[in-house]
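Q: Dropping a structure here in structure tokens format, bear with me for questions.
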Amino acid sequence: MKFKHVHVVAFDLPFPPNYGGSTDMYFKLVHLQKLGISVTLHVFLYDGKEKAPDLEKVTFKTIYYSRKRYKNPFIGKLPYIVKTRKNEELFQNLLLDNSPILFEGLHTTYYLNHPLLIDRIRVVRAHNVEHNYYAALEQAEDNILKKLFFRMEAKRLGTYESVLHKANGIAGISPAETNYLNRTYGNTTYIPAFHANTDVVSRLGKGEFVLYHGNLSVPENNRAAIYLVEEVFPLINRPCIVSGSNPSKKLVKAISKHNHISLRANISTEEILELIESAQVNAMVTFQSTGIKLKLLNSLYRGRFVVANTAMVDETQVEGLCHISDIPIEFASMIEDCFTQDFSENEKAKRIELLGQLFNNNENAIKMANMLQLQIN
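Heads up, the sequence shown is in our numbering, so the first residue is 7 and it goes up one at a time.
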């Protein structure tokens, strides 16, 4: 039996699509709608976020729930990100029909194995291997209490993850994570991240500066920015820009020591996209090799040259489109080399071919629909 309707349980507000998780969720909704599929979206609101009327344009119905908060997140065997999304109203709404259910992230799977849902088609979108992700958060965090929380949450998630045995299917977001999930639980399909880009719009010729961009309030991004500012950018005789929201005091201080490095903080999405497109080099560093970074995709679709470390591109299938090094002096040398050449039609053509094969939103929406046994127009 094929269905025309699906429940999507989102771990966070998908609009605006301003970070990797929200971007994947939002553009998945956009492209499922284009296939003629009706979506009832269930959204958890927290951290002061409010209802987003724009979601009504890409769904049949959007229902909002408050995420629970606990004063002591260290108590209990269930992962905090899972038990805070237990909601009886959500559960009752899922029981209103027999439609398939897409659980976005391990976060939303509290009801995955409930006896009343056992006959339903239930697919989990794995946004990360969560226990690895939280272990990496621990490494990037300086605050002792937060480090302890991330350590405990990683342990709880490692135990809880076995609930994935109960899913009808798992949609992995990167080749490496898909391989791990398939080895461990089986029935896993690689469906790359959904994204905002439709065409490669990289500008030909040369830019004037090097750019690092990211949400700087995320410890991992802040750590990457500090690494570049302290270890790589001082070795470059070019203007360097760090852009993103809420930079740490440590990062601001590090930037202030160098005349050729500037900070563009808390600017609009449009301004960040303009920086990506104008730069000669987008410097991409991560110390957390989970999933694929949407900022890497944005840089390949919109920017000129990309110089990245191994963790940023490893097993993403786009390694051939980037210059790669983990050694600061070599990383800096690669950046300097990029300034000796124009970004060419040939480079752009390589991206059009490979990105079109791997990250075609429409084809990936069809894969997702097939996993959920949905009828496509």
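We put the CB at the ideal spot given by N, CA and C, even for glycine.
Unbroken alpha helix (DSSP H) runs of length 4 or more, entirely within the segment 329 to 359: which are they?
A: Entirely contained in the segment 329 to 359, the alpha helix (DSSP H) runs reaching 4 residues are, in chain order, 334 to 344.
Q: Kindly indicate which residue of Arg91, Gln363, Leu300 has the alpha-carbon position closest to the one of His219.
A: Working through the sequence shown from its first residue, we reach residue 219 at position 213. It is Leu300.
Q: Under 8 Å by Cβ, that's how I've got Leu217 and Leu281 pegged, so tell me the actual separation to the nearest angstrom.
A: If you number the sequence shown from 1, residue 217 lands on position 211. If you number the sequence shown from 1, residue 281 lands on position 275. 5 Å between Cβ atoms; contact.
Q: Residues in the same chain with beta-carbon distance under 6 Å from Asn203, minus the five sequence neighbours each way, listed in chain order, please.
A: Taking the first residue of the sequence shown as position 1, residue 203 is located at position 197. So the qualifying residues of the chain are Tyr307.
Q: Where do the ends of the alpha helix (DSSP H) carrying Leu281 lie?
A: Your numbering for residue 281 matches position 275 in the sequence shown. From DSSP, the alpha helix (DSSP H) with Leu281 extends over 275 to 284.
Q: Are Ile69 and Thr46 closer than 8 Å when you measure CB to CB?
A: If you number the sequence shown from 1, residue 69 lands on position 63. If you number the sequence shown from 1, residue 46 lands on position 40. Yes, Cβ-Cβ distance for Ile69 and Thr46 is below 8 Å.
Q: For a test of the three-state rule: what should DSSP assign to Leu303, helix, strand or coil?
A: The count along the sequence shown starts at 1 and reaches residue 303 at position 297. Correct three-state label for Leu303: helix.
Q: State the CB to CB distance for the pair Glu237 and Pro334, rounded to an integer number of angstroms; the pair is presumed to be in contact (CB under 8 Å).
A: For the purposes of this step, residue 237 is taken as residue 231 along the sequence shown, with counting starting at 1. For the purposes of this step, residue 334 is taken as residue 328 along the sequence shown, with counting starting at 1. So it is a contact: roughly 4 Å between Cβ atoms.
Q: Between Glu276, Ala231, His264, His266, which lies nearest to Leu257 when the distance is taken from Cα to Cα?
A: Translated into positions along the sequence shown, residue 257 becomes position 251. Closest by alpha carbon: Ala231.
Q: Since Leu47 sits in a beta bridge, which residues does DSSP pair it with?
A: One-based indexing of the sequence shown puts residue 47 at position 41. Beta-bridge pairing links Leu47 to Val14, Thr68.
Q: On the premise that Arg128 lies in contact with Ile107, defined as a C-beta separation below 8 Å, what is that separation, rounded to the nearest angstrom?
A: Taking the first residue of the sequence shown as 1, we reach residue 107 at position 101. Taking the first residue of the sequence shown as 1, we reach residue 128 at position 122. Between Arg128 and Ile107 the Cβ distance is about 5 Å, and since that is below 8 Å, they are a contact.
Q: Would you mind working out which of Phe50, Arg131, Ala314, Pro23 sits nearest Ala371, comparing C-alpha positions?
A: On the sequence shown, residue 371 is found 365 positions in, with the first residue counted as 1. Ranking Phe50, Arg131, Ala314, Pro23 by Cα distance to Ala371 puts Arg131 first.
Q: Considering only the alpha carbon of each residue, which of Phe155, Arg162, Glu147 lies closest to Val224?
A: In the sequence shown, counting from the first residue as 1, residue 224 sits at position 218. When each option's Cα is compared against that of Val224, the closest is Glu147.
Q: What span of residues does the beta strand (DSSP E) with Tyr453 cover, start to end?
A: With the chain covering 7 to 383 only, the question about residue 453 has no answer from this structure.
Q: For the beta strand (DSSP E) containing Ser268, list its first residue and its last residue.
A: Reading the sequence shown from its first residue, position 262 is the one you call residue 268. Per DSSP, Ser268 belongs to the beta strand (DSSP E) from 267 to 271.
Q: According to DSSP, simplified to helix, strand and coil, what is Ser28?
A: Residue mapping note: residue 28 aligns to position 22 of the sequence shown, counting from 1. Helix, per DSSP.
Q: Please list, in chain order, all residues of the same chain as Phe9 whose beta carbon is under 7 Å from its beta carbon, the five residues on each side excluded.
A: Here residue 9 corresponds to residue number 3 of the sequence shown, with the count starting at 1. Counting only Cβ-Cβ distances below 7 Å, and skipping sequence neighbours, we find Ser105, Pro106, Gln379, Leu380, Gln381.
Q: Relative to the alpha-carbon of Tyr191, which residue among Val135, Phe50, Leu38, Glu369 has its alpha-carbon at the smallest distance?
A: Within the sequence shown, the letter at position 185 stands for residue 191. Closest by alpha carbon: Val135.
Q: Any chance you could list the alpha helix (DSSP H) runs of at least 4 consecutive residues sitting entirely within the segment 116 to 193, in chain order?
A: Complete alpha helix (DSSP H) runs here, min 4: 136 to 146, 150 to 166, 181 to 191.
Q: Compare the beta carbon distance of Gln294 and Ala182 with 8 Å and say whether it is the shorter of the two.
A: The count along the sequence shown starts at 1 and reaches residue 294 at position 288. The count along the sequence shown starts at 1 and reaches residue 182 at position 176. Cβ distance not < 8 Å, so Gln294 and Ala182 don't count as in contact.
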